[in-house]
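First comes the structure, then the notes that go with it.
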Amino acid sequence: MSGEEDKMMDIYKKIEREKALIQAANLMRQQTNNDQVRSKLDNQMREGKRNLEFFEEKLKELQLRQSMGSMSMGSGSSSSRPRGARHDSDGPPIPPKDASGMATSGGEPQYSQLGGTDLMPPRGPFAQPGPGSTPKARPNFTKLDLIKYDTPYLGPRIQLMLSQIQFKLNVEEQYLKGVEKMVQLYQMEGDKKSRADAAARKGESRQKITLLKQALKRYEELHVDVDSADHADDDSINMPNLRKPLSGQLSIRVIAVKDVDHAPTSRFSRTPDTFVGIKVEDQVMARTRPTKNDRWEAEYHILDVDKANEIELTVYDKPGEIALPIGLLWVRISDIAEELRRKRIEAEINNSGWVSADRMGTSANPQQQQQQQQQQSQPQFGPPPTSPGYQNPQPTYPPPQPQAPHPGQSIEGWFNLEPTGQIQLSLNFIKQTNNLQKFDAGLGRKGAVRQRKEEVHDIYGHKFVQRQFYNIMRCAFCGDFLKYSAGMQCEDCKYTCHTKCYASVVTKCISKSNAETDPDEEKINHRIPHRFQTFSNLTAN
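According to this note's numbering, the sequence shown holds residues 14 to 554 in order.
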């Protein structure tokens with residue numbers, strides 16, 4: 014049990030640390046009158062109390078597991094000894110006999126009295142649940158619930174964010190290496206505009222790496238390596254590419270942010286402008302207007318997404334010329350669609366008047382239930398329908414409730430930002446289903462895919478056409494790099510040069526002969542076709 018004890022000591026240390034942080038934040042709050050600082054300290058104390066409850070719950074689970082293990086070991090060792098043999102170190106003494114005479118004169122209880130009554134076997138070494146207690150139900154949460162700020166499922170959220178932030182950190186580090194190479198290349202070329210753009214992206218990437226490392230460190234401190242029910246079957250944790258991309262119309266409304274760590278400014282400078290950038294599959298699709306009070310009015314954005322998996326919301330502060338990211342949030346589009354589907358089904362069930370069995374049992378009055386049972390148990394005798402005194406009793410049903418029209422539902426709430434803060438969003442997604450291809454059972458031939466005819470420039474046998482290059486290319490005429498990834502290339506010999514240099518090329522295409530490049534050149538005689546005739550030779554030659 015040394016491993017369990019080490020885990021318990023680790024949790025003890027984390028509990029003491031959280032208590033010290035809460036106490037320090039409380040003392041600091043009493044010594045300041047700044048509303049912004051007090052709000053930040055209140056948020057730290059609130060998060061500290063939530064972390065403290067999480068650690069105490071994990072500690073109770075470990076203590077219960079340890080006690081259960083010791084009891085099972087004790088029962089196993091006692092069963093291996095002969096009957097009647099007992100030592101003082103076997104645990105708590107045997108409880109005294111009760112007044113009902115549980116033991117017989119022989120000193121051993123009868124089999125019918127082992128479990129109390131009704132010939133039941135003896136109970137296990139665990140406490141009997143109370144009469145009003147219910148078994149602990151499995152937590153029912155969605156993947157979108159884990160990224161909300163006030164989620165009660167802290168254990169699954171820690172596991173999700175640990176894997177997600179580690180993956181994002183690895184991707185951002187690779188992106189930073191590529192941006193650094195681009196900065197060096199633009200510096201060699203002397204392109205100031207492109208170099209400034211690459212330098213800005215380099216600074217933003219470094220700031221994102223700093224934020225991701227802070228968030229990863231915070232979740233690593235909260236993580237407790239205990240095997241429990243928190244290990245949910247979440248495909249976004251184990252298999253992030255299981256969900257296929259979706260297409261449709263995504264509606265995002267940014268309402269407010271709070272408890273974020275704004276970029277530091279000087280004492281006499283203004284509050285930095287704050288705005289939110291929205292990316293879909295690493296492409297900037299929209300951004301909000303800058304604000305100074307962390308709130309936005311009527312900030313709606315409708316985005317058309319095509320086969321997208323994830324959206325990224327980044328909160329920026331602009332204290333100077335360069336905007337710095339201060340908060341990150343990632344939302345999977347499939348999670349939004351699943352949450353909207355659940356809300357739509359719940360609304361349909363509520364409007365239909367259907368009530369589950371557990372709600373009916375708990376909400377109904379016991380007297381009403383008894384009256385209903387009596388009415389159902391009483392046999393209804395009466396005259397036959399053809400008798401003259403028969404009256405048809407009309408059953409009384411509750412009047413049907415009119416169903417309200419189904420409005421366009423949306424998901425609104427406070428979502429957690431990394432590493433600190435929260436953002437209030439309203440999300441909606443309409444899946445695109447009108448472009449589904451119909452099943453064609455015929456064998457009709459489809460038309461061939463034809464390449465678009467491009468403008469061809471014939472110079473000394475070369476057939477130059479404009480091409481877009483995605484690798485670093487060098488001009489074969491002047492020797493410089495192709496800056497904007499576009500140039501001219503011969504279709505036959507693949508001669509590549511700048512758009513401005515192809516007209517000055519004087520070399521001939523190596524894939525053609527001189528006769529093909531110069532039609533005026535005199536053709537030699539061996540190219541004349543032969544005219545064979547029949548001939549009979551009767552001589553010695």
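Virtual Cβ for every residue (Gly too), placed ideally from N, Cα, C.
Small disclaimer: the values here were computed from a predicted structure and weren't measured.
Burial state of D471, where buried means 16 or more other Cβ atoms lie within 10 Å: It is exposed - the Cβ of D471 has fewer than 16 other Cβ atoms within 10 Å.
Cβ neighbour criterion (16 or more within 10 Å) applied to P285: When all chains shown are included, P285 counts as buried.
Cβ neighbours of Q481 in the same chain (closer than 8 Å, five flanking residues each side left out): If you ignore the 5 residues before and after Q481, its C-beta comes within less than 8 Å of the C-beta of S498, A499, all in its own chain and listed in chain order.
6 Å CB neighbourhood of I222 in its chain, flanking five on each side removed: These residues qualify, in order along the chain: E185.
Own chain residues within Cβ distance below 8 Å of E467, not counting five before or after: Apart from sequence neighbours up to five positions away, the residues of its chain that approach E467 with a beta-carbon distance below 8 Å are V478, Q479, ordered along the chain.
8 Å contact criterion, which S524 and C506 should meet: CB distance rounded: Contact holds; Cβ gap of about 5 Å.
Contacting residues, own chain, Cβ-Cβ under 6 Å from R345 (five flanking each side not counted): Once the five neighbours on either side are set aside, the close Cβ partners of R345 are E323.
Three-state secondary structure (DSSP) of F548: DSSP places F548 in the coil class of the three-state scheme, outside both helix and strand.
Pair within 8 Å by beta-carbon distance, E17 and L65: Not closer than 8 Å, so no.
Cβ contact check for the region 192-203 and the region 27-34: 3 or more pairs under 8 Å: With a cut-off of 8 Å, the region 27-34 and the region 192-203 do not count as touching, because too few Cβ pairs lie within range.
Other residues of its chain near M21: CB distance less than 6 Å, five sequence neighbours each side excluded: For M21, where only same-chain residues beyond five positions count, the Cβ hits under 6 Å are L75.
Own chain partners of T307 with C-beta closer than 7 Å, once the 5 adjacent residues on each side are dropped: In the sequence as displayed, the identity of residue 307 is Asp instead of Thr. Around D307, the same chain offers A269, V270, K271, T287 as residues with beta carbons nearer than 7 Å, after the five sequence neighbours per side are excluded.
Buried versus exposed, by CB contacts within 10 Å (16 or more), Q141: Confidence at Q141 is low in this model, with a pLDDT of 47, below 50, so the placement of that residue should be treated as unreliable; the coordinate-derived value is given next. Burial state of Q141 is exposed, judged by a 10 Å Cβ sphere holding fewer than 16 other Cβ atoms.
Three CB pairs or more closer than 8 Å across the region 319-339 and the region 423-438: At 8 Å Cβ cutoff, the stretches touch.
Beta strand (DSSP E) segment containing Y313, residue limits: 313-321 is the extent of the beta strand (DSSP E) around Y313.
Limits of the alpha helix (DSSP H) - the one that N364 falls within: Start and end: 346-365.
Where G333 sits in the DSSP three-state scheme: G333 carries a coil assignment under DSSP once its states are collapsed to helix, strand and coil.
Nearest candidate by alpha-carbon position, reference Q227, set A212, M174, Q187, R59: Cα-wise, what sits closest to Q227 is M174.
Beta-carbon contacts of Y188 that lie in its chain and below 7 Å, excluding the five residues immediately before and after: S218.
Length at least 4, wholly inside the region 190-241: the alpha helix (DSSP H) runs in chain order: DSSP runs (the alpha helix (DSSP H)) wholly in the region 190-241: 205-235.
Between the CA atoms of R42 and S72 - distance to the nearest angstrom: For the record, residue 72 in the displayed sequence is Leu; it is not Ser. Those two C-alpha atoms are separated by around 30 Å.
Distance, M486 Cα to Q546 Cα: Cα to Cα, Q546 sits roughly 58 Å from M486.
Inter-residue spacing [alpha-carbon to alpha-carbon] between G290 and F428: Cα to Cα, the separation comes out at about 15 Å.
Proximal residues to E69 (C-beta, below 7 Å), its chain only, five neighbours per side dropped: Listed in chain order, the non-local C-beta contacts of E69 below 7 Å within the same chain comprise I28, local neighbours out to five positions each way being set aside.
Terminal residues of the beta strand (DSSP E) in which N429 lies: Here the beta strand (DSSP E) through N429 covers 424-429.
Supposed close pair S260, I315 - CB separation, criterion 8 Å: 14 Å between Cβ atoms; not a contact.
Helix, strand or coil at A269 [DSSP, three-state]: Reduced to three states, the DSSP call for A269 is strand.
Counted within 10 angstroms of its Cβ, other Cβ atoms place D248 as buried (16 or more) or exposed: For D248, the pLDDT reaches just 44, beneath the cut-off of 50, and the residue's location in the model is therefore unreliable, although a value from the coordinates is still provided. D248 sits exposed, since fewer than 16 C-beta atoms from the chains shown fall within 10 Å of its C-beta.
The beta strand (DSSP E) enclosing H470, as first and last residue numbers: Secondary structure note for H470: its beta strand (DSSP E) is the uninterrupted segment 470-472.
Nonlocal neighbours in the same chain, by C-beta distance under 8 Å from Q262, ignoring five residues either side: Excluding five sequence positions before and after Q262, the CB atoms of its chain that fall closer than 8 Å to its own CB belong to I315, L316, D317, V318, F442, I443, Q445, given in chain order.
G426 and G340 closer than 8 Å at C-beta: Going by C-beta atoms, G426 is not nearer than 8 Å to G340.
Unbroken beta strand (DSSP E) run spanning S439, endpoints: Its beta strand (DSSP E) spans residues 435-444.
Whole-Å CB distance - V293 paired with A336, under 8 Å assumed: Beta-carbon to beta-carbon, V293 and A336 are separated by about 19 Å, too far to satisfy the 8 Å threshold.
Those residues which DSSP pairs with L342 across a bridge: Its beta-bridge partners are L326.
Nonlocal neighbours in the same chain, by C-beta distance under 7 Å from M208, ignoring five residues either side: Rather than Met, the amino acid found at residue 208 in this sequence is Arg. Taken in chain order, the residues that qualify are V196, Y199, Q200.
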